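Participant:
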Amino acid sequence: MAILLIALALFMGAIISIYLPMISQTAKILGSGPMANVPFFGIAFAASIIIAFATGNKAEQFQKITVLPPWLLTAGVMSAGMIIGSSFLIPKIGIGTFFVLLVSGQVLAGMVFGYFGLFGVPASAMSYGKVIGAILVIAGVYLVTFR
7 MAILLIALAL
17 FMGAIISIYL
27 PMISQTAKIL
37 GSGPMANVPF
47 FGIAFAASII
57 IAFATGNKAE
67 QFQKITVLPP
77 WLLTAGVMSA
87 GMIIGSSFLI
97 PKIGIGTFFV
107 LLVSGQVLAG
117 MVFGYFGLFG
127 VPASAMSYGK
137 VIGAILVIAG
147 VYLVTFR
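Numbering-wise, my numbering comes out as the position in the sequence shown, counting from 1, plus 6.
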């Protein structure tokens with residue numbers, strides 16, 4: 007089971023490597039990063055509803071959306087910022103550098119969030135292995151970004 011979950015996570019990483027450059031190309035064609043979000047989110051919204059119904063979600067689950075804490079809805083703003091930011095950065099710094107920095111930010115922020123138990127994730131102790139891993143991530147960023 008764990009191997010399947012790891013494979014799925016790797017596949018999702020590969021998908022991000024595909025769709026962010028696609029959004030960047032959309033922004034180039036449309037002449038606007040924010041406009042590149044419009045078709046993306048429209049299709050994502052429709053696909054999410056179809057998938058939700060196809061996987062057994064019911065109308066009462068959709069009604070619960072109205073009771074979500076407002077701070078959780080800021081994830082939509084963050085998502086829009088990610089898409090707009092990637093459509094701006096990829097043509098300027100290149101896709102390799104962009105993804106190294108993106109993943110490094112995720113790893114380092116994840117360590118902090120995990121240590122403090124932020125955003126509903128279980129707290130996890132800091133270890134020498136994690137600190138060494140963070141140092142290696144930063145070294146990797148340097149090597150890829152500044153060669």
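A virtual CB, placed ideally from N, CA and C, is assigned to each residue, including glycine. The structure presented is a predicted model; accordingly, all values stated were derived computationally and were not measured.
Looking only at its chain, what residues have a beta carbon closer than 6 Å to the beta carbon of I99, apart from the 5 residues adjacent to it on each side?
Facilitator: The sequence position of residue 99 within the sequence shown is 93, counting from 1. Closer than 6 Å at Cβ, skipping near neighbours: no residue.
Participant: Please state whether the Cβ-Cβ distance between A1 and S92 is less than 7 Å.
Facilitator: Because the chain is modelled from 7 through 153, residue 1 falls outside the range shown and cannot be assessed.
Participant: Can the beta-carbon of I90 be found less than 7 Å from the beta-carbon of P27?
Facilitator: For this step, residue 90 is matched to residue 84 along the sequence shown. For this step, residue 27 is matched to residue 21 along the sequence shown. In this structure, P27 does not lie closer than 7 Å to I90 by Cβ.
Participant: Under a three-way DSSP split, which group does M132 fall into?
Facilitator: Sequence index remark: in the sequence shown, residue 132 carries index 126 (1-based). Coil.
Participant: Tell me, to the nearest whole angstrom, how far the beta carbon of S110 is from that of V137; I am working on the premise that it is less than 8 Å.
Facilitator: Position 104 of the sequence shown, counting from 1, holds the residue named residue 110. Position 131 of the sequence shown, counting from 1, holds the residue named residue 137. Rounded, the Cβ-Cβ distance is 15 Å, inconsistent with contact.
Participant: If I follow the unbroken alpha helix (DSSP H) through G19, where does it start and stop?
Facilitator: The residue you call residue 19 lines up with position 13 of the sequence shown. G19 -> alpha helix (DSSP H) spans 8-36.
Participant: Which whole-angstrom value is the C-beta distance of V150 and T103, which I expect to be below 8 Å?
Facilitator: Translated into the one-based positions of the sequence shown, residue 150 becomes position 144. Translated into the one-based positions of the sequence shown, residue 103 becomes position 97. That pair is a contact at about 6 Å.
Participant: By Cβ distance below 7 Å, which residues in the same chain neighbour A8 in space, the five residues on each side in sequence not counted?
Facilitator: Locating residue 8 in the sequence shown gives position 2, counting from the first residue. Closer than 7 Å at the Cβ level, and outside the excluded window around A8, lies no residue.
Participant: Let me know if A33 comes out buried or exposed under the rule of 16 or more other beta-carbons within 10 Å of its beta-carbon.
Facilitator: Counted from its first residue, the sequence shown places residue 33 at position 27. Label assigned to A33: buried.
Participant: Would A129 pass as a contact of G123 if the rule is Cβ separation under 7 Å?
Facilitator: As a first step, residue 129 is located in the sequence shown; it is residue number 123 there, counting from the start. As a first step, residue 123 is located in the sequence shown; it is residue number 117 there, counting from the start. Against a cut-off of 7 Å, the Cβ pair of G123 and A129 comes out as a contact.
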